[in-house]
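> After the structure tokens below, expect a handful of questions from me.
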Amino acid sequence: MAAADTQPAVEVEHLTRRFGDFIAVDDACFTVAAAEIFGLIGPNGAGKSTLIKMLTTLLPPSAGAARVGGFDIAREAAEVRRRIGYVPQLLSADGALTGVENLTLSARLYGVPRGERKERIDLALTAMGLHEVGHRLVGHYSGGMIRRLEIAQSMLHHPDVLFLDEPTVGLDPTARLTVWEHVRELSRTLRTTMLITTHYMEEVDELCHRVAVMQRGRIAEIGPPAALKAEIGPDATLDDVFAHLTGREEGGDYRDTRQTRLAVREHG
32 MAAADTQPAV EVEHLTRRFG DFIAVDDACF TVAAAEIFGL IGPNGAGKST LIKMLTTLLP
92 PSAGAARVGG FDIAREAAEV RRRIGYVPQL LSADGALTGV ENLTLSARLY GVPRGERKER
152 IDLALTAMGL HEVGHRLVGH YSGGMIRRLE IAQSMLHHPD VLFLDEPTVG LDPTARLTVW
212 EHVRELSRTL RTTMLITTHY MEEVDELCHR VAVMQRGRIA EIGPPAALKA EIGPDATLDD
272 VFAHLTGREE GGDYRDTRQT RLAVREHG
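Heads up, the sequence shown is in the working numbering, so the first residue is 32 and it goes up one at a time.
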């Protein structure tokens, strides 16, 4: 089901989302190439999760358009959903089921043909380094193992585009490195396009071919991490890029903090 490499996997044209007077995403424009790992960074409330929700058809845009896997997110939402995988921030695996049972349920939901389910589940467990614990209850998994299982669930139907919303949040450094390793391997072997939101600048450096920095609903800058750092200075880090483009120190002032928390609580 892989998208043709000559056509962008994601095309976003002036995409906007309003909630009353609040503009969560403001005139976003960018493309993501097939097999590219593309990052989205920005302060809490910058619009990252709202943008992801629109691209995954969970939220309709107020204006603008976008195509994912070659299909329009508004007019062809069902076709978009067939071609994407989504790993949300919130826990999506059932702790009362085994890893295999969780994957079997996902395979049914994604419409994987019955005759292919066992092979795909075995391959997904192996790819994520979980084959030996596939029949163990997920309630006994570590945080890193759960995240890898959730990624395996999202890949069973071989999506063109995989959306990862804060894929390593709350994980310890060792578990985070393990997830990175498996994400890179999926990108290499299946040539899956990935769009990742994260607060970890090291994650962007390690995984992303390009990154978009969002601030107050707008995209402030897009480019390869190395190029963005070079624009700031020879020894600049992505933390320096983030601070320069968002203009914030320690989360902004009282007004910014109040508005951000309200926006996150109401709109994600």
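The beta carbon of each residue, even a glycine, is placed where N, CA and C say it ideally should be.
Decide yes or no for the touch test of the region 232 to 239 against the region 254 to 268: beta carbon pairs closer than 8 Å, at least 3 of them.
yes
> Are the Cβ atoms of Val41 and Val192 separated by less than 8 Å?
As a position in the sequence shown, residue 41 is number 10, starting the count at 1. As a position in the sequence shown, residue 192 is number 161, starting the count at 1. Taking the C-beta atoms as reference points, Val192 is found nearer than 8 Å to Val41.
> Since I believe Thr205 is in contact with Tyr231 (beta carbons under 8 Å), could you give me their beta-carbon distance rounded to a whole number of angstroms?
Looking up residue 231 in the sequence shown gives position 200. Looking up residue 205 in the sequence shown gives position 174. No, Tyr231 and Thr205 are not in contact; Cβ-Cβ is about 14 Å, not under 8 Å.
> Going straight from the alpha carbon of Glu281 to that of Glu197, what length do you get?
Locating residue 281 in the sequence shown gives position 250, counting from the first residue. Locating residue 197 in the sequence shown gives position 166, counting from the first residue. At Glu281 the pLDDT is 45, less than 50, meaning the model places this residue with poor confidence; the figure from the coordinates comes in the next sentence. Cα-Cα distance, rounded: 20 Å.
> Tell whether a beta-carbon distance below 8 Å holds between Leu71 and Lys79.
The count along the sequence shown starts at 1 and reaches residue 71 at position 40. The count along the sequence shown starts at 1 and reaches residue 79 at position 48. Contact: yes.
> By the three-class DSSP mapping on this structure, what secondary structure does Val192 have?
Within the sequence shown, residue 192 is the residue found at index 161, counting from 1. Val192 falls in the strand class under three-state DSSP.
> Give the DSSP-derived three-state secondary structure of His240 in the structure shown.
As a first step, residue 240 is located in the sequence shown; it is residue number 209 there, counting from the start. Of the three classes helix, strand and coil, the one that applies to His240 here is coil, per DSSP.
> Less than 8 Å between the CB atoms is what I'm expecting for Asn303 and Val164, so what's the real figure, rounded?
The chain is shown from 32 up to 299; residue 303 falls before or after that span and cannot be answered.
> Would you grab the beta carbon distance between Met159 and Arg179 for me? Rounded to a whole angstrom, and I think it's under 8 Å.
Here residue 159 refers to the residue found at position 128 when the sequence shown is read from its first residue. Here residue 179 refers to the residue found at position 148 when the sequence shown is read from its first residue. Met159 to Arg179, Cβ: 4 Å. Contact.
> Could you pull the start and end residues of the beta strand (DSSP E) that Ala40 belongs to?
Counting from one through the sequence shown, the residue named residue 40 turns up at place 9. Run containing Ala40: none; DSSP gives neither H nor E here.
> Can you give the Cα-Cα distance for Gly248 and Phe61, rounded to whole angstroms?
For the purposes of this step, residue 248 is identified with residue 217 of the sequence shown, where counting begins at 1. For the purposes of this step, residue 61 is identified with residue 30 of the sequence shown, where counting begins at 1. Near 14 Å, if we compare the C-alpha coordinates of Phe61 and Gly248.
> Measure the alpha-carbon distance for Glu252 versus Asp58 and round it to whole angstroms.
Locating residue 252 in the sequence shown gives position 221, where the first residue counts as 1. Locating residue 58 in the sequence shown gives position 27, where the first residue counts as 1. Taking the straight line joining both Cα atoms gives about 13 Å.
> Report all residues from its chain with a CB closer than 6 Å to the CB of Ala105; omit the five preceding and five following residues, and keep chain order.
Along the sequence shown, one-based indexing puts residue 105 at 74. Excluding sequence neighbours, Ala105 sits near nothing in its chain.
> If you draw a straight line from the C-alpha of Ile152 to the C-alpha of Gly51, how long is it?
To locate residue 152, count along the sequence shown from 1; it is residue 121. To locate residue 51, count along the sequence shown from 1; it is residue 20. Using only the alpha carbons, I get a separation of about 44 Å.
> Need the endpoints of the alpha helix (DSSP H) that Leu180 sits in, please.
For the purposes of this step, residue 180 is taken as the residue at position 149 of the sequence shown. Gly174 to Met186 is the extent of the alpha helix (DSSP H) around Leu180.
> Could you please give me the residues that DSSP links to Asp103 through a beta bridge?
What you label residue 103 is simply residue 72 of the sequence shown in a count that begins at 1. Paired residue(s): Arg98.
> Have a look at Glu216, Met225, Ile177 and Ser173 and flag the residue whose alpha-carbon is nearest the alpha-carbon of Pro190.
Counting from 1 along the sequence shown, the entry for residue 190 is found at position 159. Looking at the Cα atoms, Met225 is the closest of the given residues.
> For Thr129, write down the residues that DSSP places opposite it in a beta bridge.
The sequence position of residue 129 within the sequence shown is 98, counting from 1. Leu168, per the DSSP bridge assignment.
> Along the chain, where does the beta strand (DSSP E) containing Glu163 start, and where does it finish?
By one-based count along the sequence shown, residue 163 stands at place 132. No beta strand (DSSP E) holds Glu163; DSSP gives it neither H nor E.
> Please classify His300: is it buried, with 16 or more other beta-carbons within 10 angstroms of its beta-carbon, or exposed?
The structure shown has nothing for residue 300, since the chain only spans 32 to 299.
> If we ignore side chains and look at the alpha-carbon of each, how far apart do Tyr172 and Val143 end up?
Counting from one through the sequence shown, the residue named residue 172 turns up at place 141. Counting from one through the sequence shown, the residue named residue 143 turns up at place 112. So the alpha carbons of these two residues sit roughly 25 Å apart.
> Using DSSP with H/G/I as helix, E/B as strand and the rest coil, what is Thr205?
As a first step, residue 205 is located in the sequence shown; it is residue number 174 there, counting from the start. Three-state result, Thr205: helix.
> Counting C-beta neighbours from all protein chains within 10 Å, is the total for Arg98 16 or more, i.e. buried, or is it exposed?
As a first step, residue 98 is located in the sequence shown; it is residue number 67 there, counting from the start. Arg98 is buried by the Cβ-count criterion.
> From His45 to Ala94, what distance separates their C-alpha atoms?
The count along the sequence shown starts at 1 and reaches residue 45 at position 14. The count along the sequence shown starts at 1 and reaches residue 94 at position 63. Their backbone Cα atoms lie some 7 Å apart in a straight line.
> Suppose you measure from the CA of Ala274 to the CA of Glu147; what does that come to, to the nearest Å?
Here residue 274 refers to the residue found at position 243 of the sequence shown. Here residue 147 refers to the residue found at position 116 of the sequence shown. Going by the C-alpha atoms only, they are around 48 Å apart.
> To the nearest angstrom, report how far apart Ala108 and Phe53 are at their CA atoms.
Counting from one through the sequence shown, the residue named residue 108 turns up at place 77. Counting from one through the sequence shown, the residue named residue 53 turns up at place 22. Rounded to the nearest angstrom, the two C-alpha atoms are 25 Å apart.
> Might you give, ordered along the chain, the residues of its own chain that have their beta carbon closer than 8 Å to the beta carbon of His166, omitting 5 neighbours on each side?
Along the sequence shown, read from residue 1 onward, the residue named residue 166 stands at position 135. Taken in chain order, the residues that qualify are Thr129, Gly130 and Val131.
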